[in-house]
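Notes for the one structure printed next.
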Amino acid sequence: RYELMKNILFYRDPRSLPELSNDDLERHLTILRAQNIYKKTTSNQRTAERNRKFAAMASAYEALEKADPRLYEEACKQESNITFPRQMRVPTDTPPIKIWDY
2 RYELMKNILF YRDPRSLPEL SNDDLERHLT ILRAQNIYKK TTSNQRTAER NRKFAAMASA
62 YEALEKADPR LYEEACKQES NITFPRQMRV PTDTPPIKIW DY
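Mind the numbering: the sequence shown is residues 2 to 103 in my numbering, read in order.
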């Protein structure tokens, strides 16, 4: 059964890639290096942005702690039993059955 499916789906051997000339290989490797450099720079930019945002958040927490310790404690308090609000409507692609039912 599996051999039959394999023969139907893959009835030909996959084509082999043509041999690259030295110029083509150099172009290919240059493009790969450029892509890796681009990925690295964008990753570094994202990391720097995350670090900036985290530093801003930490300084905001410090300013809040200096301004009002009670508000700081409320902001840092972690709620136990956090659940998804049941009243929240689930996003769908179709309109609701009851429209504008206030």
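A virtual CB, placed ideally from N, CA and C, is assigned to each residue, including glycine.
- Under the three-state reduction of DSSP output, residue 98 falls in the coil class, being neither helix nor strand.
- Within the stretch 39 to 88, the alpha helix (DSSP H) runs of at least 4 residues that lie entirely inside it are, in chain order, 70 to 77.
- Between the alpha carbons of residue 29 and residue 98 lies a gap of roughly 56 Å.
- In the structure shown, residue 20 adopts coil according to DSSP, grouped into three states.
- In the three-state scheme derived from DSSP, where H, G and I count as helix and E and B as strand, residue 31 is classed as helix.
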